[in-house]
Amino acid sequence: MECRAADQACQHTRELKRGTTVLTPELLKATFEAGLAYDQYVATGSASEQENWNTSEQKVSLAFEQTQLIAGFTRRVNLIVSSGTWCGDCVQQVPILRAFEQSNPERVCLRLVDRDEHPEFSSHVKICGGGRVPAVVFATELFDFVSVFGDKTLTRFRALAAAQLGPACPLPGAGLPPDQLAGMTQDWLNELERVHLMCRLSGKLRQLHND
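Per the numbering used here, residue 1052 is the first one in the sequence shown, and the count goes up by one each step.
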């Protein structure tokens, strides 16, 4: 029994080691370069899908303080999004990332890939065991992996839990309340700021930039 337990532990260790090298800089860079800019990606959807994305984008609005925060970024952060033009969660959230990019396009660089067309990437960013989208990988300017964030933010999950686990029932096709959209925007910005600060304080990048 002890030998079997030891073998299982060694196997688990090997799997963990493999897992840490899956999202290599080479894979992230190749996926980023194969990805599409926001407008190009939206244009790949059907007419109705494009209308949904455009409607959602028009509803996204950043506060002055949020815009100023992003404008002050000094390190480049690459965002690689596994998405689907048909996906309601993507329609609601990816335009938020687009607004971040527009606030500082030299430091926030967004690319999107279709989940089903890029399995070599999307298969490594499964959330809760499934191919949920959007799944966003944050990477440094050198394409070192920093973070993965996606599916839904805390604000959205709280709203869904209140609606589905409580007495209320959500209406099919109902849009996001303004306060919920604002909360989701802040959730995403919190993660972007955290990643940027990690990049700014990175010893590897500070040595590269001599700062």
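For every residue, glycine included, the Cβ atom is placed at its ideal position computed from N, Cα and C.
Residue i and residue j closer than 8 angstroms at C-beta
i     : j     : result
R1166 : S1198 : no
V1164 : G1086 : yes
V1188 : I1131 : yes
D1230 : T1204 : no
H1169 : T1082 : yes
F1196 : L1074 : yes
For residue j and residue i, believed in contact at Cβ under 8 angstroms, the rounded distance
i     : j     : result
C1160 : R1209 : Their Cβ separation, rounded to whole angstroms, is 30 angstroms, which puts C1160 and R1209 out of contact at 8 angstroms.
Selection from the options that minimises the alpha carbon distance to residue i
i     : options                    : result
G1123 : Q1144, Q1153, L1087, W1137 : Q1153
V1145 : G1201, Q1215, E1102, F1194 : G1201
T1191 : K1177, T1236, H1247, K1203 : H1247
D1140 : H1260, R1207, A1212, P1228 : R1207
P1076 : N1129, Q1101, S1099, E1116 : N1129
CA-to-CA distance, residue j to residue i, given in whole angstroms
i     : j     : result
V1142 : D1262 : 38 angstroms
V1184 : R1257 : 33 angstroms
F1194 : G1217 : 43 angstroms
R1092 : T1136 : The sequence shown places Tyr at residue 1092, not Arg. So the alpha carbons of these two residues sit roughly 8 angstroms apart.
A1088 : P1156 : 11 angstroms
I1121 : E1108 : 18 angstroms
Below-8 angstroms beta-carbon distance, residue i vs any chain B residue
i     : result
P1170 : Reference to chain B is not applicable here, since this structure consists of a single protein chain.
Please specify which runs of the alpha helix (DSSP H), each continuous and at least 4 residues long, are wholly inside the stretch 1146 to 1233, giving them in chain order.
Runs of the alpha helix (DSSP H) inside the stretch 1146 to 1233: 1170 to 1173, 1205 to 1215.
Fully enclosed by the stretch 1068 to 1155, which alpha helix (DSSP H) runs are 4 residues long or longer?
Correct list: 1076 to 1085, 1089 to 1093, 1098 to 1110, 1115 to 1122, 1139 to 1154.
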